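Q: What follows is a structure written as structure tokens; I'll ask about it next.
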Amino acid sequence: MKYKQRLVLFLIVLVCLVFLSLTFSFNTEPEEPTQNTVKSNQRSLHASEPEDHVTPGPTTPPPPIDYTRPWKIWSNWVREDVLYPNGVLHSTEMDLILYGLSSYPVTKLDVGYKGTQLKASMYLEGGQRTVFKPMRFSRDAIVDGPDDPCKGQDRHNGEIASFHLESILGYRLAPPVAGRKINLTALLPVTSKALYDTYLTEDGNTCFYGKCLYCKPSEKACGKGDIMEGSVTIWLPDWYQMKTYRHPYQRTYIPDVKAKWEVDDDYCRTRLLTPNSYYYNILPDVFDTMVLDFLVGNADRHHFETYALHGLKEGRLMHIDNGKSFGNPNHDEMSILTPLKQCCKLKNSTWEKLRHLKTQGLSQLLDKSLKRDPLYPVLTQAHLLAIDRRLDVFIGEVLKCIQQYGRSNVLFDKWPQF
Ligand SMILES: *[C@@H]1O[C@H](CO)[C@@H](O)[C@H](O)[C@H]1NC(C)=O
Ligand SMILES: *[C@@H]1O[C@H](CO)[C@@H](O)[C@H](O)[C@H]1NC(C)=O
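So the sequence shown is residues -25 to -1, 1 to 393, counted in mature numbering (1 follows the signal peptide of the UniProt record, and there is no 0).
Set out below in structure tokens:
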């Protein structure tokens, strides 16, 4: 009995030792694997994110689309210094926003807000307001020229292309735009009376002329049959506040009447680069906008809007309203470069970016980006080539400034304060 008891005790101790040593070896396992487990758990969580619904069987209805998702992403992105984060132009989030703009159901079509150009206010499922600009010209129409650089109505494809180009330039101050075709007949139940009152039919095509400063029946936009092509620009969240500046290089829009900057080559030095100049602090953004406007051929930027949270610091100059672009691929409107020629100043970061984009082939980058739009091809080859040509012209003008004033007097990292 004594031996039996000892044997049992020995066996129990042995079992305990084996058990303990196993536990011990588990506990002293290096930290790494534990972390790896956590990591791979996270990874699998992420991986399963898009398919967190059970695959619907034949009897389960598909999950309802959350139409608010793209608009929530948008309103979370917007800040007063940039409208969306760096590097998201080709992200799934931006794709979702652009997809929403180009395909979510229209809940209301109405006359546009203030302004000189025909457009419509379009409200999309999920509660997003947008601006619809109808197509007025074919892609290869030539709409402006040396006689009047601001000629012609807005180009809807110019709005789309300018958004992509602006983003590639790294500014991120233009709200997203996507192309779309709408069926005016199908949208009649959600079309406001104010807009419908401007509808008319011509050669079997449905047209409208809307409400704006220059809106009249002879200036109508027409669809092909009842299908109208256009651009859809997302509206900015309205908890922000807009402030409007006159462009310091605004045109007079009166033939034979010249603006100060057109007749005085010292305009920049004596009126803008001075301590009490109203425009001094926004000049770096004016120069950046000039780059965009020159590349797209937009000579019509008469005002700027800044965007700020109510009561907080003022935001940047945004690149809203880019429709007067891509009018004539055979013409470079040099007057757009007057701020550079007179002030000879440019953000160093913009200069570095442009030289980098030149080596990358700017027009190719743009064309590749535009392939994501449902209205691709958005620009003709001639317009794409014009962008590369204008980039060369611009770089040449900056080099002239550098030659004349020295690099450190032209390129700045921080805008000097008085
Ligand atoms: C536009 O919508 C109307 C009404 O739903 C429909 O009858 C018409 O066929 C549509 N047009 C085209 C070209 O699809
Ligand atoms: C401009 O930026 C580049 C690259 O960051 C830098 O090497 C260069 O010194 C800067 N030039 C000026 C004038 O600030």
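Idealized CB from N, CA, C, for every residue including glycine.
Computed from a prediction, not measured in an experiment: that's the story for all the values here.
Comparing alpha-carbon positions, which option in Val271, Leu84, Phe301 and Ser338 lies nearest Leu159?
A: Checking every option, the nearest Cα to that of Leu159 belongs to Leu84.
Q: For Tyr174, write down the residues that DSSP places opposite it in a beta bridge.
A: In the DSSP output, where bridge partners are listed per residue, Tyr174 has Phe183.
Q: As a quick exercise: from Met293, Asp348 and Gly185, pick the residue whose alpha carbon is nearest that of Asp172.
A: Asp172 has its Cα closest to that of Gly185, out of Met293, Asp348 and Gly185.
Q: Under 8 Å between the Cβ atoms of Val214 and Arg104?
A: In the sequence under discussion, the amino acid at residue 214 is Trp, which differs from the Val named in the question. No.
Q: Assuming Val353 and Ala95 are in contact, meaning their beta carbons sit under 8 Å apart, how far apart are those beta carbons, in whole angstroms?
A: Incorrect: roughly 20 Å between the Cβ atoms, too far for contact.
Q: Closest to His358 by CA distance: which of Phe301, Ser344 and Leu312 is it?
A: The shortest C-alpha separation from His358 is found at Phe301.
Q: Given this structure, state the Cα-to-Cα distance separating Met97 from Cys190, to the nearest angstrom.
A: Near 18 Å, if we compare the C-alpha coordinates of Cys190 and Met97.
Q: Can you give the Cα-Cα distance for Leu360 and Thr35, rounded to whole angstroms?
A: If you take the alpha carbons of Leu360 and Thr35, they lie about 52 Å apart.
Q: In chain order, what are the residues with a CB under 6 Å from some non-hydrogen atom of ligand 1?
A: After applying the 6 Å Cβ criterion, the set is Asn158, Thr160, Ala161, Gly200, Asp201 and Ile202.
Q: Among Leu329, Ile311, Ile117 and Glu100, which one has its Cα closest to the Cα of Pro39?
A: The residue with the shortest Cα to Cα distance from Pro39 is Glu100.
Q: Taking C-beta to C-beta, are Asp348 and Ala196 nearer than 8 Å?
A: Not a contact, by the Cβ cut-off of 8 Å.
Q: Can you tell which of Asn297, Asn323, Pro391 and Val271 has the C-alpha that lies nearest to the C-alpha of His306?
A: Nearest C-alpha to His306: Val271.
Q: Using the Cα positions of Asp240 and Gln317, report the straight-line distance between them to the nearest angstrom.
A: Spanning the two alpha carbons is a distance of roughly 6 Å.
Q: Is any heavy atom in ligand 3 found nearer than 7 Å to the beta carbon of Asp263?
A: Among the ligands modelled here, namely ligand 1 and ligand 2, ligand 3 does not occur.
Q: Do Val266 and Leu144 have their CB atoms nearer than 8 Å?
A: Result yes, Cβ atoms of Val266 and Leu144 sit closer than 8 Å.
Q: Is the stretch 251 to 262 in contact with the stretch 220 to 236, if contact means three or more CB pairs nearer than 8 Å?
A: Short answer: they touch.
Q: By alpha-carbon positions, which one of Ser383, Thr82, Asp296 and Thr43 ends up nearest to residue 430?
A: Absent from the model: residue 430. The displayed extent of the chain is -25 to 393, so no value can be given.
Q: Looking at Lys108 and Ser206, is the spacing between their C-beta atoms short of 8 Å?
A: The answer is yes: Cβ separation under 8 Å.
Q: What first and last residue would you give for the alpha helix (DSSP H) that runs through Asn384?
A: Counting along the chain, the alpha helix (DSSP H) containing Asn384 begins and ends at Arg382 to Val385.
Q: Among Thr334, Leu321, Glu327 and Lys328, which one has its Cα closest to the Cα of Pro391?
A: With distances taken between Cα atoms, Pro391 lies closest to Leu321.
Q: Ignore the nearest five residues each way along the sequence and tell me which others in Glu134's own chain have a CB closer than 7 Å to its CB.
A: Lys108, Val152, Ser206, Thr208, Asn297 and Gly298.
Q: Do Ile311 and Phe262 count as a contact pair if the criterion is CB distance below 8 Å?
A: It is not a contact, given that the beta carbons lie outside the stated cut-off.
Q: So for Leu58, helix, strand or coil by DSSP?
A: If DSSP states are grouped into helix, strand and coil, Leu58 belongs with coil.
Q: Using a Cβ-Cβ cutoff of less than 6 Å, which residues in the same chain neighbour Thr355 once the five nearest sequence positions on both sides are dropped?
A: These residues qualify, in order along the chain: Arg114 and Asp115.
Q: Does the beta-carbon distance from Ile48 to Leu64 come in below 8 Å?
A: No, Cβ-Cβ distance for Ile48 and Leu64 is not below 8 Å.
Q: Apply the 10 Å Cβ neighbour rule to Asn273 and answer buried if 16 or more other Cβ atoms are within range, or exposed otherwise.
A: By the 10 Å Cβ count, Asn273 comes out buried.
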